[in-house]
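Only one structure is covered here, and it is reproduced in the block below.
Chains as they are written, first to last, in our numbering: chain A, 1 to 337; chain B, 1001 to 1323.
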């Protein structure tokens, strides 16, 4: 075991997989010589050479398309799109090609690519460096979408994603790269070394896709979250005094419906938290699933705590970013009924 | 067109304003005063100003994440820009755009743009609008070497030629797309030649030479105004700071920036040229330096004191109308 930040854990996942499988390679903007703008790919080019870890021009559509072509012929590319906000030129390739190549070829081709991308707010990135686009990937059949919340899960989920034979969108909450963050921006930054999930095996292990984790057991209300919002939800539950059960979804497609249903049937209440805009956000899907599966167990309307339906504003970082206060307010509302 | 002494003084004022603005942002960012990401334009001033001295408010420019210089060159209010970067309610965009997204309709500033390759197609659209609306205006897309590798840029260049639009593609080649060198990332090395392959004139200029930039820009703007179609200018230039503030710049040689500041500083070159030719006196230039310094001081002081936007502004301007 070693103590790792999320950056180090992600780096270790790629290192382990490149060591084990000569067909795993890493590509993207500034990932090679520079080691990635967030340092996630640091040292990989030096260790594995220019053919296994290489820089690309700034051309997201071309990068992802090339990865798909490689994937169709046996390579397992791990692509970095430097910010999730830059992924949209590649969206056509992901939707029209990666997600469908298996279906339309009757299972002959498939696309074992992993597209890593830092996402989310809390870093004053403004509208082109803070977005949370998970729902637009979750909406596309054929893609899997994974979002870790801590170093241990990040490494295990990334290895599982690379080993997975389907295309995986792997969204990394960049506010969590260097430490857990519970939304209390006024407090001192906490390093990962003070968090138990920073204890990470140095070797190969897997956190399976599609398995949620109960990060706090409770009986009053189920709180569904992923990414940075797991930490915000935990803080909100602790501060509210309400006995919330916090579930870290870890993978939103496939989503762990069994874990969600079991919890909501136990608590009878549900609060969903995400950073992304509200309308047609992934919270809408979660809300529908809970309603379909737990309707007769619900004692209060399901609450969603989300970003506002606006672009990410430069001047409103902490109004837009969901913090514990807004989650506490939702917890209190569901407990009223 | 011959530049008058007034024009030269104005060009110097704009370039000096950009330099002082960026140097000050560098300091304020390091002191933790500025939220968000900033990408500084210092070193590239002659590119923006040499082009924009050929434009008026009727013409449109599109810009990049490294957009402060283009805004200032196009005449955006420096105080309003500073307030915007600080995220204040009276910033040029109400504090909601920030450094990477400053726009100003009145000044023909279509916007800085956080997406590499985002603005070239927008500039093509602005040029087509100008032609359809018979404004007489031209559009200029400022982009970088990194942007020149994006498919959007290729599409924009081809469409501009097909429709013979009054648009100019300025590619400021500062040697690095973020942290990756042009020698690696641009396959054919010659971006102007690549633009020319789409069917438009493509030229190179030394981007640190204001006069060379001005002349090349003048020809391209005249051609566009005359309805003869698009052109491209690759301006070879450097940036004095990192890709973003905080960039450790491990991809640059230790003495690279110092050497460039000594030998490749557009402001030094301009000053030497105009004083040696007795076009302007050193005293005149020094007076501009002082005025600019005061302007920037005042802008920072008022930006720090200005209020943030109120909560009612958060959801404003998402739509023009919403039932």
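All residues carry an ideal CB built from backbone N, CA and C; glycine is no exception.
Could you compute how far the alpha carbon of residue 1133(B) sits from the alpha carbon of residue 106(A)?
Inter-residue distance for residue 1133(B) and residue 106(A) is about 51 Å (C-alpha atoms, whole angstroms).
Return helix, strand or coil for residue 274(A), following the three-state DSSP convention.
Note: residue 274(A) maps to strand in three-state DSSP.
Determine, using beta carbons only, whether residue 57(A) comes closer than 7 Å to chain B.
By this cut-off, residue 57(A) is an interface position.
Test: residue 1319(B) CB closer than 7 Å to a CB of chain A
Residue 1319(B) is outside the set of residues whose beta carbon lies under 7 Å from a beta carbon in chain A.
Checking contacts by CB at 7 Å: is residue 1189(B) closer than that to chain C?
In the structure shown, chain C does not exist; the protein chains are A and B.
Rounded C-alpha distance that separates residue 147(A) from residue 1261(B)
One C-alpha to the other measures close to 44 Å.
Strictly below 8 Å CB to CB, what residues from chain B border residue 188(A)?
The contacting residues do not exist; residue 188(A) stays about 14 Å from chain B at best.
Other residues of its chain near residue 95(A): CB distance less than 6 Å, five sequence neighbours each side excluded:
So the qualifying residues of the chain are 140.
Helix, strand or coil: how does DSSP classify residue 1169(B) here?
It is a strand residue.
Locate the beta strand (DSSP E) running through residue 53(A), then write down its first and last residues.
That run of the beta strand (DSSP E) goes 53-55.
Any idea which residues DSSP pairs residue 59(A) with across the strands?
None; residue 59(A) has no bridge partner.
Contact set between residue 98(A) and chain B, taken where Cβ atoms lie within less than 8 Å
Ordered by position in chain B, no residue passes the 8 Å Cβ test against residue 98(A), which lies about 17 Å from the chain.
Residue 242(A): first and last residue of the uninterrupted alpha helix (DSSP H) it sits in
Looking at the DSSP string, residue 242(A) is not in any alpha helix (DSSP H), and its letter there is neither H nor E.
In three-state DSSP terms, what is residue 1118(B)?
Coil, per DSSP.
Would you mind listing the alpha helix (DSSP H) stretches within the region 118-194 of chain A that are 4+ residues and don't spill past its ends, in chain order?
Runs found: 134-138 and 151-163.
I'd like to know whether the C-beta of residue 61(A) is nearer than 7 Å to at least one C-beta of chain B.
Chain B has a Cβ within less than 7 Å of the Cβ of residue 61(A).
For residue 70(A), which three-state DSSP category applies?
The answer is helix: DSSP assigns residue 70(A) an H, G or I state.
Contained beta strand (DSSP E) runs [length at least 3] in the region 1004-1083 of chain B, N- to C-terminal order:
Runs found: 1060-1062.
Mark residue 1182(B) as exposed unless 16 or more other C-beta atoms lie within 10 angstroms of its C-beta, in which case mark it buried.
Classification of residue 1182(B): buried, given that the 10 Å Cβ count is 16 or more.
I'd like to know whether the C-beta of residue 1149(B) is nearer than 7 Å to at least one C-beta of chain A.
Yes, its Cβ sits closer than 7 Å to a Cβ of chain A.
Whose C-alpha, out of 165(A), 98(A) and 155(A), is nearest the C-alpha of residue 206(A)?
Of the residues 165(A), 98(A) and 155(A), the one whose Cα lies closest to the Cα of residue 206(A) is 155(A).
Compile a chain-ordered list of the residues in the region 1300-1315 of chain B whose CB is closer than 7 Å to at least one CB of chain A.
Cβ contacts with chain A come from 1308, 1309, 1311, 1314 and 1315.
Does the separation of the CB atoms of residue 250(A) and residue 212(A) fall below 7 Å?
Going by beta carbons, residue 250(A) and residue 212(A) fall inside the 7 Å limit.
Do you know offhand how far residue 341(A)'s Cα is from residue 1137(B)'s?
In the structure as shown, chain A starts at 1 and stops at 337, and residue 341(A) therefore has no counterpart that could be examined.
Closest Cβ-Cβ distance between residue 1072(B) and chain A: below 7 Å?
Cβ-Cβ to chain A under 7 Å: no for residue 1072(B).
Flag this pair as touching only if the region 1154-1165 of chain B and the region 1226-1246 of chain B have three or more C-beta atom pairs under 8 Å; answer yes or no.
Using a C-beta cut-off of 8 Å, the region 1154-1165 of chain B makes contact with the region 1226-1246 of chain B, since at least three inter-stretch Cβ pairs fall below that distance.
Compare the C-beta of residue 19(A) with all C-beta atoms of chain B and state if any pair is closer than 7 Å.
So no, residue 19(A) is outside the interface.
At a CB-CB cut-off below 9 Å, which residues of chain B make contact with residue 128(A)?
What residue 128(A) touches in chain B: 1065, 1100, 1101, 1113, 1114, 1115 and 1118.
Could you work out which residues of chain A lie near residue 1087(B), taking near to mean beta carbons separated by less than 7 Å?
Chain A residues near residue 1087(B): 314 and 315.
Neighbourhood of residue 1131(B) by C-beta distance below 7 Å, restricted to the same chain and skipping five residues each side
Answer for residue 1131(B): 1165 and 1166, listed in chain order.
Taking residue 45(A) as the reference, give the member of 336(A), 73(A), 31(A) and 151(A) with the closest Cα.
Checked all of 336(A), 73(A), 31(A) and 151(A); the closest Cα to residue 45(A) is 31(A).
Check the Cβ of residue 319(A) against every Cβ in chain B and list those closer than 9 Å, keeping chain order.
The contacting residues are 1311 and 1314.
Between which two residues does the beta strand (DSSP E) carrying residue 263(A) extend?
No beta strand (DSSP E) contains residue 263(A), which is instead part of the alpha helix (DSSP H) from 257-267.
So which residues on chain A does residue 1035(B) lean against when the C-beta distance must stay under 8 Å?
The answer, in chain order, is 124, 314 and 317.
Buried/exposed call for residue 1254(B), threshold 16 Cβ in 10 Å
The residue is exposed, with fewer than 16 neighbouring Cβ atoms inside 10 Å.
Taking only beta carbons into account, state which residues of the region 1175-1200 of chain B come closer than 9 Å to chain A, listed in chain order.
So the list reads 1177, 1178, 1179, 1180, 1181, 1184, 1185, 1186 and 1187, given in the order they occur along the chain.
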